[in-house]
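Asks: Sharing a structure here in C-alpha cells format.
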C-alpha cells in the first residue's frame, strides 16, 4: 500500500470558531484533543495515513501563526513540509501552493488532500478506500473526491450528485460526478437523501500532481501563473519570502468553486467509513461516548447529577460539578467558560467575540 | 462612641461549606470577597466597627490554619489578637477563650461578639444599635443579644421570643428574653412571624467581660475551669502551647445552648439594619444587585444571554458566557466549576466532597 509517490496534504489553516472556547484563534480545533484520546484531530488525521505515505511525503498547509504548533504536534514530518500561508485565502490557493511545491520534488506525485479536523470511525475501511483511490489516480488523470453516504438530511454540507449508472472502466468503485450542489435547505436535503445518488462532500480529494496542476492552469490561470512564477524558488531558502509576497495576490476561493464545479473529469468514490466533520458541538456530542442519560464528557474530574443530553468539555485537571442541566454545552478552557444550550449553539460565534 | 474599654470579637472559624466552590476549607466564605466589593466578609465586618473599637481592641478567634489569612486581611490589628483554635469546638469554648484573654488585658472590657461572615446593609443604624448596646452593657450585667426583625418565615434560623411588655428601666430599646427557640418548621415559623415578639437570632452578643466570665462559671463550670487554669499564661509566650493542650478538652457546644438558654438576665435589642447571614446562595442572590432579569453577577467579564434568576460568581479575570439558564448557580474558583439549580443548593455539600 505504501508507495514512494504517495503524498498526503493536510489543510490545517481553519480557526474553528464554532467550538469556542474549546477552540480559539490561538489554538483552533484541529490542534486540540477534542475526543479526549490524547491526540489532536490533526494528529489523528496524520495517524490514519500511517503506512500509506512516508513522513517525508506528508505536507501541512497552515496559517503562519500555527506553523510552530504543527511542528510541535507532528515532529515526524520535515519542518520544510509545513507550508506557511501569510494570510487566509480559502482552499484553492492553499492547494495550488502545495501542489506546485510537491511537483518540484516529485513530478509523479499521487496526492490525497484532507481537512485536518474531521474524524473517521472505521479506519480500516477508510484506508482501503484511500488505497484504492490512490491506485485509481495513479492510473488516470481523474480528479477524485470521496462522497460520504448521507445518514440524515444535513443542511450544513455540500452534496455530490453521482451518475451511478456506469462505473469507471478502470475501477468499479468510481463514478462520474453529475453535479456539485451547495448546502441545501431542509426540503431539498430530504429529497437528496431519498435518492441514492447524493453524497456529502467531505473535502477529501485524490489526484496526481499533473492533473491538479493542469486543472489550475485551465480553470484558474491567475492562480496557476502566480505559482508558476515562484516555481524556481520553491524548496529553497527563498521560498517563504516569495510566498509572503505573492500569496496575498491570490483570489480567495474554495477549491470546490475554483476547480470541482468547472472541471470535467471528476469522479466520486461513494464511501462509508464513519466520517464526521465535527462541525458543531452537536456532531461532537454524537461522536463521543455517552452515559445512560446521553451525557458525553471530556475531562477526568467531571461529575454530573440529574443531568442529561449534555456535553461537558474541559481540561483534564478541572473539577466540574454539573447538576440539573438538560441539553447543554459546558465548555471550559484557559479560564474561559461557556454554558449554552446545544440547540442554540449557532450563537456561539456571537458569544466568543471571535466569530 | 469610641470608648477605650470597647472590644470587638470576630468569630472567624467557620468553613462555609454551603458555598463550595467559592468557599473551600482552604479559604472559607468569611475570607472571600463574596459581594465583589474588594473586601472580604471578615474585612467588611471589621470595617463596620471602625470608630467604635480601636484596632488593638479587636480580637479574632479562628482555626489555626486561618491565622495567617486573618493577619493578611486585617494587618491593622495586633498579631497577638488573633487567637488560634487548635481544633473546632463550636462557639462556647471560642467565646470563653477570648473572654478570659480580654479579661487579662482589660477587666473593664465591654465586648461585642459577632460572626465574621454576615452582612449589614444599613450601617448607620447598625452602628447606632451597637453603640446603644455597648452603653447598656457598660451600665448593667446584662447578657444582650440582637434580635433581627424577621421578614419571612425562615426555617434556617433560631428565633428569640421577647417579652415586649416592659422595656428595661435602663434602656427603652432593651427587652427581656422569654425564650430562645430552635430552628422551627415552616408552620411554626409562620406562627412566629405572625406575632410581633419573635426575632431572628443573628449570633451577635454584647456584654461586659465580668458578665460573660461569670456566666461561664455558673453555667459551664467545666469550660470556665479550663480557662481559669491557663489564665496566668494568657498574653504570654506560653499562651499558644497551653491553649493547644487544653482547648481540645473543652466540650464542643454552642454559646446558645451553653449560656443563652440557661442564663436569666438575658436581654434582646430588636433591630432592623438590613442583616443577612448569607447562609445560602439564595440569600446571597437576594443581597446582590440584579439586572432586569433577576440575574446577579460577581465577576468583571461575565455575559448572560437568555438567562434569568441566576447567580454567577467567578474570579475577576475569568471570561464566562452563560446562555439559556433560569434559576441556576454558576460558581467558579481556582479551576473548580459548579453549575447547580438554586432550588437544589442544599445538595452542594454532597457535590463538594467537603460537606
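Chains as they are written, first to last, in our numbering: chain V, 685 to 1039; chain F, 685 to 1039. For every residue, glycine included, the Cβ atom is placed at its ideal position computed from N, Cα and C.
Under 8 Å between beta-carbons, which chain V residues line up against residue 1031(F)? List them in chain order, please.
Replies: By 1-based counting over the second chain, the position of residue 1031(F) is 347. In chain order: 989, 1007.
Asks: Any idea which residues DSSP pairs residue 896(F) with across the strands?
Replies: As a working mapping, residue 896(F) is identified with position 212 in the second chain. BP columns for residue 896(F) are empty, so no partner.
Asks: Just to confirm the assignment, what range does the alpha helix (DSSP H) spanning residue 778(V) have?
Replies: Start at 1 with the first residue of the first chain, and residue 778(V) comes out as number 94. Counting along the chain, the alpha helix (DSSP H) containing residue 778(V) begins and ends at 775-789.
Asks: Who are the neighbours of residue 1025(F) on chain V, taking C-beta pairs under 7 Å?
Replies: Translated into the one-based positions of the second chain, residue 1025(F) becomes position 341. By Cβ distance, chain V contributes 1007, 1008.
Asks: Which whole-angstrom value is the C-beta distance of residue 945(V) and residue 864(V), which I expect to be below 8 Å?
Replies: Here the question's residue 945(V) lines up with position 261 in the first chain. Here the question's residue 864(V) lines up with position 180 in the first chain. Correct: roughly 5 Å between the Cβ atoms.
Asks: What does DSSP give as the partner residues of residue 884(F) in its beta bridges?
Replies: To locate residue 884(F), count along the second chain from 1; it is residue 200. According to DSSP, which records beta bridges pairwise, residue 884(F) is partnered with 832(F), 843(F).
Asks: In whole angstroms, what is the alpha-carbon distance linking residue 739(V) and residue 765(V)?
Replies: Against the first chain, residue 739(V) aligns to sequence position 55. Against the first chain, residue 765(V) aligns to sequence position 81. Taking the straight line from one Cα to the other gives about 9 Å.
Asks: Near residue 966(V), what residues of its chain come up, given a Cβ to Cβ distance below 8 Å and the 5 sequence neighbours on each side ignored?
Replies: Translated into the one-based positions of the first chain, residue 966(V) becomes position 282. For residue 966(V), where only same-chain residues beyond five positions count, the Cβ hits under 8 Å are 1026, 1029.
Asks: Note down the Cα distance separating residue 812(V) from residue 754(V), rounded to an integer number of angstroms.
Replies: Locating residue 812(V) in the first chain gives position 128, where the first residue counts as 1. Locating residue 754(V) in the first chain gives position 70, where the first residue counts as 1. Near 27 Å, if we compare the C-alpha coordinates of residue 754(V) and residue 812(V).
Asks: When the Cβ atoms of the segment 865-878 of chain V are set against those of the segment 741-755 of chain V, are three or more pairs found closer than 8 Å?
Replies: No, because fewer than three Cβ pairs between the segment 865-878 of chain V and the segment 741-755 of chain V fall closer than 8 Å, the two stretches do not touch.
Asks: Under 8 Å: do the segment 783-801 of chain F and the segment 891-906 of chain F share three or more Cβ pairs, one atom per stretch?
Replies: Touching, yes.
Asks: Across which residues does DSSP place residue 1010(F) in a beta bridge pair?
Replies: Position 326 of the second chain, counted from the start, is the residue given in the question as residue 1010(F). BP columns for residue 1010(F) point to 992(F).
Asks: By Cβ distance below 8 Å, which residues in the same chain neighbour residue 1035(V) in space, the five residues on each side in sequence not counted?
Replies: For the purposes of this step, residue 1035(V) is taken as residue 351 along the first chain, with counting starting at 1. 704, 1022, 1024.
Asks: Quick one: what's got a C-beta closer than 7 Å to residue 918(F)'s C-beta in the same chain, skipping five residues either side?
Replies: Within the second chain, the letter at position 234 stands for residue 918(F). Answer for residue 918(F): 784, 785, 788, listed in chain order.
Asks: Assuming residue 832(V) and residue 955(V) form a contact by the criterion Cβ under 8 Å, report the distance between their Cβ atoms to the nearest whole angstrom.
Replies: On the first chain, position 148 is the one that residue 832(V) refers to. On the first chain, position 271 is the one that residue 955(V) refers to. Residue 832(V) to residue 955(V), Cβ: 6 Å. Contact.
Asks: So with CB distances below 7 Å, who are the chain F contacts of residue 659(V)?
Replies: Limits of chain V in this structure are 685 at one end and 1039 at the other, which puts residue 659(V) out of reach.
Asks: Taking residue 726(F) as the reference, give the member of 720(F), 718(F), 714(F) with the closest Cα.
Replies: In the second chain, counting from the first residue as 1, residue 726(F) sits at position 42. Among 720(F), 718(F), 714(F), the Cα nearest to that of residue 726(F) is on 714(F).
Asks: Give, in chain order, every unbroken run of the beta strand (DSSP E) that is at least 3 residues long and sits entirely within the segment 916-951 of chain F.
Replies: For the segment 916-951 of chain F, not a single whole beta strand (DSSP E) run of length 3 or above is found.
Asks: Taking residue 889(V) as the query, report the chain F residues whose CB atoms sit under 7 Å from its CB, ordered along the chain.
Replies: By one-based count along the first chain, residue 889(V) stands at place 205. Per Cβ cutoff of 7 Å: no residues; residue 889(V) is ~37 Å from chain F at best.
Asks: Does the beta-carbon of residue 700(V) have 16 or more other beta-carbons within 10 angstroms, so that it is buried, or is it exposed?
Replies: Along the first chain, one-based indexing puts residue 700(V) at 16. Residue 700(V) should be labelled buried.
Asks: With 16 other CB atoms within 10 Å as the buried threshold, where does residue 1044(F) fall?
Replies: This structure does not reach residue 1044(F), given that chain F is present from 685 up to 1039, and the question cannot be answered.
Asks: Using three-state DSSP, classify residue 1046(V) as helix, strand or coil.
Replies: Chain V is shown from 685 up to 1039; residue 1046(V) falls before or after that span and cannot be answered.
Asks: Return yes when the Cβ of residue 911(F) is within less than 8 Å of the Cβ of residue 834(F), no when it is not.
Replies: Position 150 of the second chain, counted from the first residue, corresponds to residue 834(F). Position 227 of the second chain, counted from the first residue, corresponds to residue 911(F). Cβ atoms of residue 834(F) and residue 911(F): not closer than 8 Å.
Asks: Tell me whether the beta-carbon of residue 695(V) lies closer than 8 Å to the beta-carbon of residue 770(V).
Replies: For this step, residue 695(V) is matched to residue 11 along the first chain. For this step, residue 770(V) is matched to residue 86 along the first chain. No; because the gap between Cβ atoms is not below 8 Å, this pair is not in contact.
Asks: Looking only at its own chain, which residues have a Cβ that is under 8 Å from the Cβ of residue 874(V), when we skip the five neighbours before and after it?
Replies: By one-based count along the first chain, residue 874(V) stands at place 190. Closer than 8 Å at Cβ, skipping near neighbours: 837.
Asks: Can you round the beta-carbon distance between residue 1002(F) and residue 1007(V) to whole angstroms, since I take them to be within the 8 Å contact cut?
Replies: Taking the second chain and counting its residues from 1, one reaches residue 1002(F) at position 318. Taking the first chain and counting its residues from 1, one reaches residue 1007(V) at position 323. Actually they do not touch by this definition, with Cβ atoms about 20 Å apart.
Asks: Starting from residue 814(F), follow the alpha helix (DSSP H) in both directions and report where the run begins and ends.
Replies: By 1-based counting over the second chain, the position of residue 814(F) is 130. Here the alpha helix (DSSP H) through residue 814(F) covers 807-823.
Asks: Is residue 1002(F) close to chain V? Criterion is C-beta to C-beta, closer than 8 Å.
Replies: For the purposes of this step, residue 1002(F) is taken as residue 318 along the second chain, with counting starting at 1. Closer than 8 Å: yes.
Asks: I'd like to know whether the C-beta of residue 975(V) is nearer than 8 Å to at least one C-beta of chain F.
Replies: Residue mapping note: residue 975(V) aligns to position 291 of the first chain, counting from 1. No, its Cβ sits nowhere closer than 8 Å to a Cβ of chain F.
Asks: Evaluate contact between the segment 922-938 of chain F and the segment 842-855 of chain F, counting only Cβ atoms and requiring at least three cross-stretch pairs below 8 Å.
Replies: The answer is no - the segment 842-855 of chain F does not touch the segment 922-938 of chain F, with fewer than three Cβ pairs under 8 Å.
Asks: Are residue 889(V) and residue 828(V) close, meaning C-beta to C-beta below 8 Å?
Replies: For the purposes of this step, residue 889(V) is taken as residue 205 along the first chain, with counting starting at 1. For the purposes of this step, residue 828(V) is taken as residue 144 along the first chain, with counting starting at 1. Taking 8 Å as the Cβ cut-off, residue 889(V) and residue 828(V) qualify as a contacting pair.
Asks: Enumerate in chain order the residues of its own chain whose CB-to-CB distance from residue 915(V) is below 7 Å, with the five nearest sequence positions on each side excluded.
Replies: Looking up residue 915(V) in the first chain gives position 231. Counting only Cβ-Cβ distances below 7 Å, and skipping sequence neighbours, we find 784, 788.
Asks: Quick check on residue 1028(F): does DSSP put it in helix, strand or coil?
Replies: The residue given as residue 1028(F) occupies position 344 in the second chain. Helix, per DSSP.
Asks: Taking Cβ positions only, does residue 1039(V) come closer than 8 Å to chain F?
Replies: As a position in the first chain, residue 1039(V) is number 355, starting the count at 1. Any reading at residue 1039(V) must be qualified, since the residue scores a pLDDT of 45, below 50, and its modelled position is unreliable; the value itself is stated next. So, not an interface residue.
Asks: Count the other CB atoms, across all protein chains shown, that sit within 10 Å of the CB of residue 688(V); report buried if there are 16 or more and exposed otherwise.
Replies: Position 4 of the first chain, counted from the start, is the residue given in the question as residue 688(V). Burial call: exposed.
Asks: Please report the straight-line C-alpha distance between residue 893(F) and residue 942(F), rounded to a whole angstrom.
Replies: Taking the second chain and counting its residues from 1, the one referred to as residue 893(F) is at position 209. Taking the second chain and counting its residues from 1, the one referred to as residue 942(F) is at position 258. So the two alpha carbons sit approximately 17 Å from each other.
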